[in-house]
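Read through the structure below, which is laid out as structure tokens, and then see the notes.
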Amino acid sequence: MPWTRRHLLTLEELSLAEIEQIHATAAAFKRTLARSVKKVPALRGKTIVNLFLEPSTRTRTAFAMAAMRLSADVISLDGTSSSTTKGETLRDTAQNIQALQADMIVLRHSAAGSPLYLSKILDIPVINAGDGAHEHPTQGLLDTFTMKEHLGRLKGRKVVILGDILFSRVARSNIYALNKLGAAVTLVGPSTLVPHWFTDLGVKVSHDLKSALADAEVVMLLRIQHERQASSHFPSLGEYTSMFGLNKTRASWLNPKAIIMHPGPINRGVEIDSELADGERSVILQQVTNGIAVRMAVLYLCSGGQPENVYAGSDPA
Amino acid sequence: MSTLWIRHARVIDPATRRNAVGDLFIRDGKIVPSLSAAARQSARQIDARGLVACPGLVDIHVHFREPGQTHKETIATGSRAAAAGGFTTVVCMPNTSPVADNAGTIQYIHDATRRDAVVKVLPTGCITVGQKGAALAPFGSLKRAGVVALTDDGDCVQSNELMRRACEYAKMFDLPIMDHCQDASLTQGAVMNEGVVSTRLGLRGWPHAAEDIIVARNVILSEYTGAHLHLQHISSKYAVSILRRAKTRGVRITAEATPHHLAFTEEELGTYDTHFKMNPPLRTASDRRAIIAGLRDGTLDCIATDHAPHTDYEKDKEFDYAPNGILGLETALAVALGVLVRQHKFKLTHVVDLMTRQPARVLGLPAGSLAAGSAADVCLFHPTETWRYDAKSGFSKSSNSPWHGRNLTGRVKLTIVDGRVVFEHGQIVAPAH
């Protein structure tokens, strides 16, 4: 099946086959990253603009790294260096970037829905690098990619996502991907941060950590986002940690082969004990590394590349 | 003053219980029972076969943005949009720039209305100084300046103490208080209804509880003080049930519903289209049904549009950053006919009532009737003609309408204000004043 999408906006709209295509393409790129010469010429002559209007370290660097490995030229703009601080609208900023003959825009924005909005305005592909509390599709793709590396097929696997779900775009993208891949997802956290509305997305909601973690094969921790929530969502970070922080005792409730994931940035001692974050079950840094290959796959496919051409490293059509 | 003889119309006038095919006579700006043979000779005859003739529609909730936000709308353009929609009397909200919290600004609105308007534009004044919710505005001078009601519009008064005093003080002047019911502490940063859809879209939710709490507060304060409170654009099922119980006890409370809350639900927001962003937000199908039931049994008294113009560049933004509000005047009648008459089997006379006599009664306005001696404010519309609404070629200065490009059924043909035809053949034909 040829890849037909130009934009990557959400995982909600992707089919299972498309998710698997991205994973397969990422796996091929991951092999090229193990070579001594890591660059492939796939996007030579293309210019990708990373428009990051909200702070980011990992995602932004990984997108830049991915673009460079594909031999594209990369320009990164952030909220302070772009004209948005002078009152320019997103439409105008993006149209100017297009007029400067960029071939693709990677957008990180605090407003949910803004990548969809840009995709309707621009002729060039738009890649969502995180929009508010909505979606972070490449994170969901790299997380499920990492899970598959450790667990094989995800069908029937028990995955727990623990923490601030309400404000999490990572949780939403993972929910859509995991549902399509057949995993059984349970969301856990304080009732104020895991509202019952989420059951409508086809997942379980629990506020009991012990029963939720029992036999789970993946636990994905999410950062408590102080910057997004009012003080009324829970009493204190200390109480959060005492109720929901992952420590050694609680980790023992997991399936013995379970992996521990976190999209970062981690707050050590808040949602996860330091020794677990650095322990052998932690795949946190593997997630980061996989982020390059997955984003290479997304940039490549949305530029018109086809999965079967990855080894040839040929130019996109 | 011209003499008009409207012939063979289906005349619907809930105020006089008239609902029959017949003629309507207008002389010297008033409705008259008949015309002499000589007057008929010289009268302009309007053949209204197949049309409904009803009192000019009344909208007690519009934003005409003047003074201060005339890039969005003016009294000239807003009143033309009103005339094109069959409205002859509108009540404009005080959230202008500066806000209408003093007699001088009200006088400005009167002057602009006299100079520019083609329909009757009645001002409201603020409840609090600067619409800031801290100190009472001068109700006495506002009343003398001619406001018909008091409201802080989108800035619902949060202090119960201040609202209580506002009720008591307004009662002395026999001025109704109109309230936009929203507990601000529950809606920080909120941009749409809270629920499954906001969860999916990752947008901040506005729980209906924030409306219900203030509706309940207002029922309590109205009952306690005896003041007349009018609750604007009710959007929540729970709020309708609070109002229903309050009305059973005889509380002096009235309420309105907008065409958009009748027509749409939050499901429209799937593509983050800012033309569905308004405050209060679109809610669930069950809320929508409750609003319709509320209009049916009189729990909700009338339809009001909350006509809220914004320029295309203001609306064309990320969903979080776009302003709330949509146009309403040019589509309200067709939307109400579509939802209430065709979908929910309301009688045509009932919908006319909800857009004429009832809103006039809520604020005690001399409008909404075709009784002999009344001002000759008349709307002639075709109840089943289908037309395509193009917001960009409409009469409002803005075009922020979710109905843009849609086919609507029910079309205003002619609007008469004080005996003068102001809208005819799709054009504004004469200034009223």
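Those protein sequences? They're chains A and B, same order as listed.
Numbered per my numbering, the first sequence spans residues 6 to 322.
Numbered per my numbering, the second sequence spans residues 84 to 516.
We put the CB at the ideal spot given by N, CA and C, even for glycine.
For the segment 388-415 of chain B, the set of positions with a beta-carbon nearer than 8 Å to some beta-carbon of chain A reads 396, 399, 400, 401, 402, 403, 404 in chain order. The beta carbon of residue 117 of chain A falls within 7 Å of a beta carbon belonging to chain B, placing the residue at that interface.
Under the criterion of beta carbons closer than 8 Å, residue 155 of chain A and residue 288 of chain A qualify as touching, at roughly 7 Å. Taking the beta carbon of residue 203 of chain A as reference, the chain B residues within 7 Å of it are 282, listed in sequence order.
Residue 269 of chain B does not reach chain A, its nearest Cβ partner there being about 10 Å away, counting only Cβ pairs nearer than 7 Å. Unbroken alpha helix (DSSP H) runs of no fewer than 4 residues, entirely contained in the segment 91-123 of chain A, are found at 95-104, following chain order. DSSP, reduced to helix, strand and coil, places residue 265 of chain B outside both helices and strands of the structure shown, so it counts as coil. For the pair residue 176 of chain B and residue 96 of chain B, the CB atoms are not nearer than the 7 Å cut-off.
Under the Cβ distance rule, residue 285 of chain B counts among the residues neighbouring chain A, one pair being separated by less than 7 Å. Secondary structure at residue 510 of chain B: strand, using DSSP grouped into helix, strand and coil. Within chain B, no residue has its beta carbon less than 8 Å from that of residue 32 of chain A; the closest one is some 29 Å off. Around the beta-carbon of residue 354 of chain B, fewer than 16 other beta-carbon atoms lie within 10 Å, marking it exposed. At least one CB of chain B lies nearer than 7 Å to the CB of residue 138 of chain A. Secondary structure of residue 210 of chain B (DSSP, three-state): coil.
For residue 321 of chain B, the nearest beta carbon of chain A is not closer than 7 Å to its own beta carbon. Contact of residue 495 of chain B with chain A is not assigned, every C-beta pair being separated by 7 Å or more. Residue range 140-145 is occupied by the beta strand (DSSP E) that includes residue 144 of chain B.
For residue 121 of chain A, at least one C-beta of chain B is nearer than 7 Å to its own C-beta. Closest option to residue 230 of chain A, judged by alpha-carbon separation, among A/245, A/133, A/304, A/223: A/245.
Note that the C-beta distance between residue 113 of chain A and residue 150 of chain A is not below 7 Å. If you draw a straight line from the Cα of residue 140 of chain B to the Cα of residue 461 of chain B, it is about 8 Å long.
Residue 267 of chain A and residue 120 of chain A have their alpha carbons spaced roughly 24 Å apart. Assignment of beta-bridge partners to residue 235 of chain B by DSSP yields no partner.
At least one CB of chain A lies nearer than 7 Å to the CB of residue 279 of chain B. Among the CB atoms of chain B, one or more fall inside 7 Å of the CB of residue 95 of chain A. Sequence-ordered contacts of the segment 351-375 of chain B with chain A read 354, 355 [C-beta pairs closer than 8 Å].
The C-beta distance from residue 63 of chain A to residue 194 of chain A rounds to 22 Å, too long to fall under 8 Å, and the pair is not in contact.
Uninterrupted alpha helix (DSSP H) stretches at least 4 residues long and entirely within the segment 265-289 of chain A occur at 279-282, given in chain order.
For residue 206 of chain A, the chain B residues whose C-beta falls within less than 9 Å of its own C-beta are 279, 282, 283, listed in chain order. Within 7 Å of the CB of residue 177 of chain A, the CB atoms of chain B belong to 285, in sequence order along the chain. About 31 Å separates the beta carbon of residue 85 of chain A from that of residue 306 of chain A, a gap too long to meet the 8 Å contact definition.
Comparing C-alpha distances from residue 247 of chain A to each of A/79, A/276, A/219, A/271 shows the shortest one belongs to A/276.
For residue 200 of chain A, the chain B residues whose C-beta falls within less than 8 Å of its own C-beta are 282, listed in chain order. In the DSSP assignment, residue 280 of chain B falls within the unbroken alpha helix (DSSP H) covering 279-284. The continuous alpha helix (DSSP H) containing residue 305 of chain B extends over residues 291-308. For residue 202 of chain A, the three-state secondary structure derived from DSSP is helix.
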